[in-house]
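What follows is a single structure, written as structure tokens, with notes after it.
Number of protein chains: 2
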Amino acid sequence: MDKDRLDPWGTSTVKDYSRLRSEFGIEPVAPLLPRFKRPSPHLSRGIDFGQRDLGRVLDAVDNNKPYAVMSGIKPTGDFHLGTKMTADDMVYFQSLSKKGTVFYAVADVEAYADNGLSFEETSKIATRNVADILALGLDPDRAVVYLQSEELKVMRLGIVFSKGVTNNMLRAIYGERQIGLYMAALFQAGDILMPQLPELGGPKPVLVPVGADQDPHIRLARDLAARYREEYGFIPPSSVYHRLMLSLSGSDKMSKRTEGSLLKLDDLPREATRKISTAFTGGRDTVEEQRRLGGRPDICPVFDLYRFHFAKDDEHVHRVHEECAHGIRLCGECKQEANGLVKAFLEDHRKKRDSLMKDATELLARSREYLTSTGK
Amino acid sequence: MDKDRLDPWGTSTVKDYSRLRSEFGIEPVAPLLPRFKRPSPHLSRGIDFGQRDLGRVLDAVDNNKPYAVMSGIKPTGDFHLGTKMTADDMVYFQSLSKKGTVFYAVADVEAYADNGLSFEETSKIATRNVADILALGLDPDRAVVYLQSEELKVMRLGIVFSKGVTNNMLRAIYGERQIGLYMAALFQAGDILMPQLPELGGPKPVLVPVGADQDPHIRLARDLAARYREEYGFIPPSSVYHRLMLSLSGSDKMSKRTEGSLLKLDDLPREATRKISTAFTGGRDTVEEQRRLGGRPDICPVFDLYRFHFAKDDEHVHRVHEECAHGIRLCGECKQEANGLVKAFLEDHRKKRDSLMKDATELLARSREYLTSTGK
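As they're listed, the protein sequences go chains A and B.
Note that the first sequence ends on residue 1301 in my numbering; no numbers are left out.
Note that the second sequence ends on residue 1301 in my numbering; no numbers are left out.
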């Protein structure tokens, strides 16, 4: 892969978020912050750093107009702290107005194309994933959850779009890839644009919260929205980008591909403790050095645990950052505190999730019925 | 397109059928003819000239084992004399044994990718096409007819296969094409291999009757059958190839793309008469010359009407050929006779077809129910 191209199927994290603006035209979120009454931790902590046309969705919220929040999560296993970020954003942006509907694509086509998981395996994982997002706060009454591979509307849009792209266009966006990944990309554009089909209420603002590395999919979907505007009336989809969390080894983004340094939402507390205790940190070689120079929270996956997920509030994040940077807080005590927070979250989440398995099954069934009843 | 490559999406006919054997490994049908109790006109007249593994299907017939006959026809309009040939073959090979089941894919994905027809348009055309093939003799009790774009089994196989092919492999078979056609090709491999899925009775011989120009699809499906044999137990699909009929202008194959020189099964007799009267022939410039040198039936689309469809029997074909080649028969009288035969067929066919529209609708509904009931 070209190093200057974002790789939605890779493991690398984004080194320089400011470049995304200059090179790809992603706009900063900051100027829009005053429009949020209760910004989410992702917003207030600069985790959701970039956007395209987010204002259009906020207009819908302000004017009490319908909008959709759409994202896909690959059912490659239980949710982990990386997928939780996308899920948190879906939940938050759904909560902005009663007119917001979440479309959650269980991306089993991509899981097959990219990770080789069979549809049988992924359909089992899917129900647990849905219970996870319900436990994180998704309102099931305004959510449509479906498996990509079961949704003919998505397939058909993918086929329609395959005629509207050239191979050169796909190469420019994704680099030279095997056809399976190009096809998965076209089906994802189908996911993103499906909420605007006439049988699902027609054109509307759609916000896609994703990790920064997924921007190629957004560009493709926006390009296709323009190409098929005449036929479908598509409004270009909006997007909001979150920073990528570091894996516990400190290199690469946290994803299923870095299994050993991944915190999963169904890890037992003792597994989590073990992973955190062996995690890379931004600490120095000796205590003396750390007291003198301070730690480096900005390259530290343990600090990321606070910032991205487990700090009590923004002040807490700030305090941990300052104490670390000024050599007041050492890695051992910091890991211990993080461990306590993670453990409390995991225990609480497990209980909630287990109690929501039936609701997850029902949501999947109700969504299937809804999508089928709206025709093919 | 490379001239040495068969083009399943083109208009050209095949100039030299013997080359298909040497270059692509298509075997002649002739050595297998003694195995047919009642050879079809296509077989006895050398119209079905080539095959791959046809013997495997004949073994199933002889041993009273299940087999399938599978082909796809694009719903780009009413059946014409070109599509009738594929339909005739499907009907004939179904009739060889009570254990033969036809799978007829209404190739609306390909019609979209290749011809830009919307799924709404093609679904209307589909029912008329199904009535056409019923009028041609298809036994509806052993037939499954489905729209490609509605069949998740086909979509999923296409997605599975997209991971098993390389771009180079697709380029080698089809030349450099846009992704839409590659995708359509993968879904067609899904059509061809679907009858062997466990929920549809598992591995079995499958015969695909197609025009000679469609061999690239067969090669792709056979290649994929081998690649996925371990997982699915696929038996390589068999094929039988018919010669391509000339359009009435004498150049190109008869297809929807040569509209003006196309005889359609719903043409009114007077339209057919007009088209035949202006058709190109293998006749000479003057009557004197034709009497002296004879006509050229082998380049004559009017002779093709006799040979491919409307002669009373093989002897009739032979007689027309000889009378023409020896200058006994002139084009005017030959066209007149052809016209009478075509007219009688069209009138009879129209009546049958109109009376079978309800059966067609039922067959489509029954097939949909069957495929859905066998799971996704």
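Note that the Cβ used here is the ideal one computed from N, Cα and C, for glycine as well.
TODO: Let me know the secondary structure DSSP gives B:Y1166 once reduced to three states.
DONE: strand
Open item on the list: Is the separation between the beta-carbon of A:M1015 and that of A:I972 shorter than 8 Å?
Closed with: no
Task: Amino acids of chain B, ordered along the chain, whose beta-carbon sits closer than 8 Å to that of A:R1081 - done: F1044, S1074
TODO: Can you pull the chain B residues whose beta carbon is under 8 Å from the beta carbon of A:Y1037, in chain order?
DONE: I1084, V1085, K1088
Task: Residue from A:E1124, A:T1001, A:E948, A:V1242 with nearest C-alpha to A:I1098 - done: A:E948
Open item on the list: Going by DSSP in three states, A:M1015 sits in which element: helix, strand or coil?
Closed with: helix
Task: Contacts of A:Q1121 in chain B (Cβ-Cβ under 7 Å) - done: By Cβ distance, chain B contributes nothing, its closest Cβ being about 17 Å from A:Q1121, past 7 Å.
Task: Supposed contact pair A:R1278 and A:A1012 - C-beta distance, whole angstroms, cut 8 Å - done: 12 Å between Cβ atoms; not a contact.
TODO: Pull up the DSSP beta-bridge partners for A:Y942, would you.
DONE: According to DSSP, A:Y942 bridges with nothing at all.
TODO: With 8 Å as the threshold, decide whether the Cβ of B:V954 is near any Cβ in chain A.
DONE: no
- [ ] Verify the CB distance criterion: does A:L1095 have a CB-CB separation below 8 Å to chain B?
- [x] yes
Open item on the list: Quick check on B:G1115: buried or exposed, where buried means 16 or more other Cβ atoms within 10 Å of its Cβ?
Closed with: buried
Open item on the list: Excluding the 5 residues flanking B:G1207 on each side, which residues of the same chain have their C-beta closer than 6 Å to its C-beta?
Closed with: G1220, R1221, P1222, I1224, C1225
- [ ] Let me know if A:S1280 comes out buried or exposed under the rule of 16 or more other beta-carbons within 10 Å of its beta-carbon.
- [x] exposed
Task: Neighbourhood of A:S1164 by C-beta, 6 Å cutoff - its chain only, sequence neighbours within 5 removed - done: R977, V1133, I1143
- [ ] Can you pull the chain B residues whose beta carbon is under 7 Å from the beta carbon of A:Y1029, in chain order?
- [x] What A:Y1029 touches in chain B: nothing, since even the nearest Cβ is about 19 Å away.
Task: Euclidean distance between Cα positions of B:G1127 and B:G1083 - done: 18 Å
Open item on the list: What are the residues in the region 1110-1144 of chain B lying within 9 Å of chain A by C-beta distance?
Closed with: L1111, F1112
Open item on the list: Can you check which of these residues, A:A1109, A:S1172, A:V1034, is closest to A:E1075 by C-alpha distance?
Closed with: A:V1034
Task: Chain-ordered chain A contacts of B:G1105 [CB-CB under 7 Å] - done: S1087, K1088
Open item on the list: Report the start-end ranges of each alpha helix (DSSP H) in the region 970-1046 of chain B that is 4 residues or longer and not cut off at the edges.
Closed with: 979-987, 1006-1019, 1033-1040
Task: Closest residue to A:E1124 among A:L1149, A:D1148, A:G1158 (Cα-Cα distance) - done: A:G1158
Open item on the list: Could you compute how far the alpha carbon of B:P1161 sits from the alpha carbon of A:A1038?
Closed with: 24 Å
Open item on the list: Considering Cα atoms alone, identify which of B:A1036, B:F1233, B:R1217, B:V1131 is closest to B:A1109.
Closed with: B:A1036
Open item on the list: Across the region 1256-1271 of chain A and the region 1230-1243 of chain A, are there enough close Cβ pairs to call them in contact, namely three or more that are closer than 8 Å?
Closed with: yes
Task: Other residues of its chain near A:K999: CB distance less than 6 Å, five sequence neighbours each side excluded - done: A1032, E1035, A1036
TODO: Check whether the Cβ atoms of A:P1120 and A:V1135 lie closer than 8 Å to each other.
DONE: no
TODO: Would you mind stating whether B:L968 and B:V954 have Cβ atoms separated by less than 8 Å?
DONE: yes
Task: Pair within 8 Å by beta-carbon distance, A:E1272 and A:P1194 - done: yes
- [ ] Using a Cβ-Cβ cut-off of 8 Å, state whether A:L1077 counts as contacting chain B.
- [x] yes
Task: Helix, strand or coil at A:A1263 according to DSSP, with G and I counted as helix - done: helix
Open item on the list: Using 8 Å as the threshold, is the C-beta distance between A:S1176 and A:L1187 below it?
Closed with: no
- [ ] Within its chain, find whatever has a CB closer than 6 Å to the CB of B:K1268; leave out the 5 residues flanking it on each side and keep chain order.
- [x] P1194
TODO: Could you tell me whether the Cβ atoms of B:K1078 and B:L1288 are closer together than 8 Å?
DONE: no
TODO: Would you kindly report the start and end of the unbroken alpha helix (DSSP H) that includes A:A1109?
DONE: 1104-1118
- [ ] Have a look at A:G1100, A:V1090, A:F1086, A:G1105 and flag the residue whose alpha-carbon is nearest the alpha-carbon of B:T1091.
- [x] A:G1105
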